[in-house]
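Residue numbers (this note's numbering): 146 to 413.
Read through the structure below, which is laid out as structure tokens, and then see the notes.
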Amino acid sequence: MPGSGQPIHRNRDVAESFGVDAERYDRTRPRYPEALVNRILSASPGVDLLDVGCGTGIAARQFQAAGCKVVGVEPDPRMADFARRSGVEVEVSRFEDWDAAGRSFDAVVAGTAWHWVDPRAGAVKAGRVLRTHGRLAPFHHVFQVPLVIAEAMGDAYRQVMPESAVDLGAMLTKPALDVYRPLFDTIADGIRNAAVFAEPEEWRFDWEHTYSRDEWIDQLPTFGGLSALNDHQLVEMRSATASAIDRFGGHVTVSYSTVVVTATRHSA
């Protein structure tokens, strides 16, 4: 999760930890607003799309359903294998090292994954593979959980990871858009520094989703800050969070903002 103060794209252990349970990741991670998919497509010159850090193919399948021809790039072979089995064409590589083999695209997207890409090198690479007026559009889910749940998760994390420099509780109790603002500014700066894009824009899509206790607990091990915990630590985290949700009524409504930082490529 952004907000630790460290360049998150350098933390490869976390970046490549999600494939430990690719099936859970695909089952529990939220999908993206249909309005987001439609807006990106309507603002792109065509339907050839590159999905960077495609994971299990969640966003890729949504774009395919909207009529796109999608190629995914994913550094974790376990995640890539799941995506292929779900019908997505995937090549295993870090995006910065990926060989486009002369191909070009109408849009380059990344669903809650661009923070694992070097912001300058990634924007430069996107500029090289985009067609004239093609669109770079990385997007991220920003979520806000109720205070009682956030505090319970923060307390549990401090107990199981006392040596961690990450204050999960502080991150979850702050306004989520404030926590993610440095990330969005970094993405925009990377796009500007690539010197081949128009001025970046920011699009925001607000929505909510209500989870049962079991649904939210099922998703916990897929969060970046929790994906590397051992079994005992996860049990403690899940137990404390479940107890808080039970006290809260047995379900939790999460407020989401899905934010796109986007720009079009200049004429060659």
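All C-beta atoms in this analysis are idealised placements derived from N, C-alpha and C, irrespective of residue type, glycine included.
Predicted model, so just to flag it, every value in this text is computed and none were measured.
Backbone CA spacing between residue i and residue j [nearest angstrom]
i	j	result
Glu308	Arg265	31 angstroms
Trp348	Thr407	8 angstroms
Phe395	Asp242	Looking at the sequence shown, residue 395 is not Phe but Gly. Approximately 45 angstroms between the Cα atoms of the pair.
Arg223	Phe350	30 angstroms
Ala295	His260	22 angstroms
Asp226	Val235	8 angstroms
Ser388	Leu322	27 angstroms
Thr331	Val262	11 angstroms
Ala246	Arg303	46 angstroms
Ala340	His411	9 angstroms
Continuous beta strand (DSSP E) stretch holding residue i: start and end
i	result
Ser400	396-409
Ala255	250-256
Ser384	Premise fails: Ser384 lies in the alpha helix (DSSP H), 376-392, not in any beta strand (DSSP E).
Gly133	Past the edges of the chain, shown from 146 to 413, lies residue 133, and the structure says nothing about it.
Leu194	193-197
Arg349	346-357
Gly217	214-219
Neighbourhood of residue i by C-beta distance below 7 angstroms, restricted to the same chain and skipping five residues each side
i	result
Val182	Gln207, Phe208, Ala211
Phe329	Glu347, Val404, Val406
Ala301	Glu381, Met382, Ala385, Thr386
Environment of residue i [buried if 16+ CB atoms lie within 10 Å]
i	result
Arg443	Here the chain covers residues 146 to 413 and nothing more, so residue 443 does not appear.
Ala228	buried
Glu219	buried
Asp391	exposed
Thr355	exposed
His285	buried
Val397	buried
Contact set for residue i: own chain, Cβ-Cβ below 6 angstroms, skip 5 residues either direction
i	result
Thr409	His278, Arg280, Ala343
Ser249	Val274, Arg276
Ala255	Val197, Gly198, Pro283
Ile444	For the chain, the structure presents residues 146 to 413; residue 444 sits outside this window and is missing.
Gln364	Thr173
Inter-residue CB distance, residue i and residue j (contact presumed, cutoff 8 angstroms)
i	j	result
Asp196	Val165	Rounded, the Cβ-Cβ distance is 21 angstroms, inconsistent with contact.
8 angstroms CB neighbourhood of residue i in its chain, flanking five on each side removed
i	result
Ser231	Asp171, Thr201, Gly202, Arg206
Ala258	Val197, Gly198, Cys199, Gly200, Pro283
Where the alpha helix (DSSP H) through residue i begins and ends
i	result
Arg424	For the chain, the structure presents residues 146 to 413; residue 424 sits outside this window and is missing.
Tyr325	321-339
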